[in-house]
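Data block below; observations after.
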Amino acid sequence: MNKATRKTVIAGNWKMNKTPSEAKALITEMKPLVADADCDVVLCVPFIDIAAAIEAAEGSNIKIGAENVHFKASGAYTGEISADMLKEAGVEYVVIGHSERRQYFGETDQTVNLRTLAALNAGLKAIVCVGETLEQRELGYTETLLKYQTKMALTNVTKEQLANVIIAYEPVWAIGTGVTATDDQADEGNGYVRAAVAEAYGADVAETVTVQYGGSMNAKNAEGLLSKVNVDGGLIGGASLKAEDFSIIVKAASK
Ligand code: PGA
23 MNKATRKTVI AGNWKMNKTP SEAKALITEM KPLVADADCD VVLCVPFIDI
73 AAAIEAAEGS NIKIGAENVH FKASGAYTGE ISADMLKEAG VEYVVIGHSE
123 RRQYFGETDQ TVNLRTLAAL NAGLKAIVCV GETLEQRELG YTETLLKYQT
173 KMALTNVTKE QLANVIIAYE PVWAIGTGVT ATDDQADEGN GYVRAAVAEA
223 YGADVAETVT VQYGGSMNAK NAEGLLSKVN VDGGLIGGAS LKAEDFSIIV
273 KAASK
């Protein structure tokens, strides 16, 4: 973390977990546990949970995010949700390009870019995910790939809009596997992301961009990961479904 130049953001990604009533119960449990956080606290929840989550989080420091957004403003796109719909519902953040979307739902670097632009143009904050597979890492392509994904995602994003972008480095091999990147691997991956932002926007701008680490971050390993200068927070899957564990990560980010 480097709180002097950029925000620390801990964001939960609930994925396809929790019904609206379960969302309400979990947020009610979390609220007092994260109330004194010295970082931004976000929960990205399934679309159907958004209304309940916003109601449950009212009056607290927990911000609500969505897990995806469509890139068109409106039209014949059955089953999709637009950025304006999210905005009006009270959503502040949206996860874009998560590796599960890339892996199972045909997400490409181009659609990640279009979604990012749609989110930013609607006034949402985008949490854009990048990350290499184990095979890509073993072939030595981690740096090339992270820089490519980062630059592709940010195509046509202005310097001003970049203030509303968080990038999450999530090595695919670490997501939901219990295998976490080492502190140094996370720092290195996040550093490649920041270097890509520096190449596109300049080093000064890159210093201000929040780059999260994600992939089996938990109550035990969060402090070590967050101690690294390039790790400005976390995108947390499994551990964000447990109030106590999530609050321990928030506390680690509040130091
Ligand atoms: P995990 O998920 O913490 O369960 O590995 C992280 C993510 O997919 O964002």
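Residue numbers (the working numbering): 23 to 277.
The beta carbon of each residue, even a glycine, is placed where N, CA and C say it ideally should be.
Query, Result
"Whether G87 touches Y115 by CB criterion (7 angstroms)", "yes"
"Residue(s) in a DSSP beta bridge with C66", "N35, G87"
"Unbroken alpha helix (DSSP H) run spanning A45, endpoints", "42–56"
"Contact set for N83: own chain, Cβ-Cβ below 7 angstroms, skip 5 residues either direction", "V56, A57, A59, V63"
"G119: CB within 6 angstroms of a non-hydrogen atom of the ligand PGA", "no"
"Other residues of its chain near A218: CB distance less than 6 angstroms, five sequence neighbours each side excluded", "K169, T172, K173"
"Euclidean distance between Cα positions of S276 and T27", "15 angstroms"
"Proximity test, S238 beta-carbon vs the ligand GDP heavy atom, cut-off 6 angstroms", "Ligands in the displayed structure: the ligand PGA; the ligand GDP is not one of them."
"Candidates T230, G198, Y235: closest to E210 by CA position", "Y235"
"Three-state secondary structure (DSSP) of A185", "coil"
"Assigned exposure category for I271 - 16 Cβ within 10 Å defines buried", "buried"
"Three-pair Cβ contact test at 8 angstroms for the stretch 262–270 versus the stretch 37–56", "yes"
"Among L48, A79, R216, the one whose alpha carbon lies nearest that of L176", "R216"
"Selected residue, minimal CA-CA separation from A244, among D206, G256, K85, I149", "G256"
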